[in-house]
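Undergrad: Numbering (the working numbering), first residue to last: 28 to 223. Handing you a structure now.
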Amino acid sequence: MIVWINGAFGSGKTQTAYELHRRLSDSFVFDPENIGFYIRKNVPKELAAGDFQDFAMWREFAYSMLSYLNREYGGTVIVPMTVVNPSYFDEIVGRLRLDGVTVHHFALMASKETLLRRLRSRGDGARSWPSLQIDRCLEGLANDVFRHHLDTERMSVSTTAETIAGMLGLSLRPDERGPYRKALDRLAVKLKHIRF
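Pasting the structure below:
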């Protein structure tokens, strides 16, 4: 089974994915963003695209990797990735579903103000690339193609993960961490995903 966690930048995709992974036995987080960074670093400047998702090879490789993981790995594959173009989504998720792969999709939704506040907390200013994508993301994700929409405006990361698990009938391990350990775990995820 694949659980795709979509949402605008700042919606909590990555934190939610790792919260699920920490508390879900036999799970793996696959981040297609790494494919995009690899492509960007390995093509001449003249061929660079503004958004690596515009490379057909990114979409093909994301599909191929997820197909492989679904076939070879017995656990749950968790995918935190913003995709707001319905055609691109169909090239990956639609194609997997046509192959008979179970892909559950959740779009984490929040207001623009909340997303900007969350982005500021991780060091992204109002003129940063993630901040400038919010309107495009919110507009794209409103499309019914991107259901199930999950309003995270007032939800913690733990509650978001528990809500997704509950909707899928997945049993999560109890969260016995104290507030400091939770904060450290989230900081570790944040630091791991800083891109230079």
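Where is the CB? At the ideal position from N, CA and C, for every residue including glycine. Quick caveat: nothing in here was measured; it's all calculated off a predicted structure.
Using the C-alpha atoms, what's the distance from P71 back to V184?
TA: Whole-angstrom Cα-Cα distance: 39 angstroms.
Undergrad: In the region 75-150, which residue ranges form an unbroken beta strand (DSSP E) of at least 3 residues, counting only runs that do not cross its ends?
TA: Qualifying beta strand (DSSP E) stretches, in chain order: 103-107 and 130-136.
Undergrad: Cα separation between A210 and K217?
TA: Approximately 10 angstroms between the Cα atoms of the pair.
Undergrad: Would H175 be called buried (16 or more neighbouring beta carbons within 10 Å of its own) or exposed?
TA: Exposed: under 16 other Cβ atoms inside 10 Å.
Undergrad: Would you say V120 and F57 are within 8 angstroms of each other, going by their C-beta atoms?
TA: For V120 and F57, no; Cβs fall outside 8 angstroms.
Undergrad: If you run the structure through DSSP and keep just helix, strand and coil, what is S183?
TA: Correct three-state label for S183: coil.
Undergrad: Between which two residues does the alpha helix (DSSP H) containing H175 stretch?
TA: Looking at the DSSP string, H175 is not in any alpha helix (DSSP H), and its letter there is neither H nor E.
Undergrad: According to DSSP, is N69 helix, strand or coil?
TA: N69 falls in the coil class under three-state DSSP.
Undergrad: Do you know offhand how far F223's Cα is from W156's?
TA: Note that F223 scores a pLDDT of 49, beneath 50, so its modelled location is shaky and nothing firm can be said.
Undergrad: Can you give me the C-alpha to C-alpha distance between L47 and N97, rounded to a whole angstrom?
TA: Approximately 17 angstroms, taken between the alpha carbons.
Undergrad: Please state the DSSP three-state secondary structure of G167.
TA: Helix, per DSSP.
Undergrad: What residue from L93, P107 and F82 has the CA that sits closest to A188's CA?
TA: Nearest option by C-alpha distance: P107.
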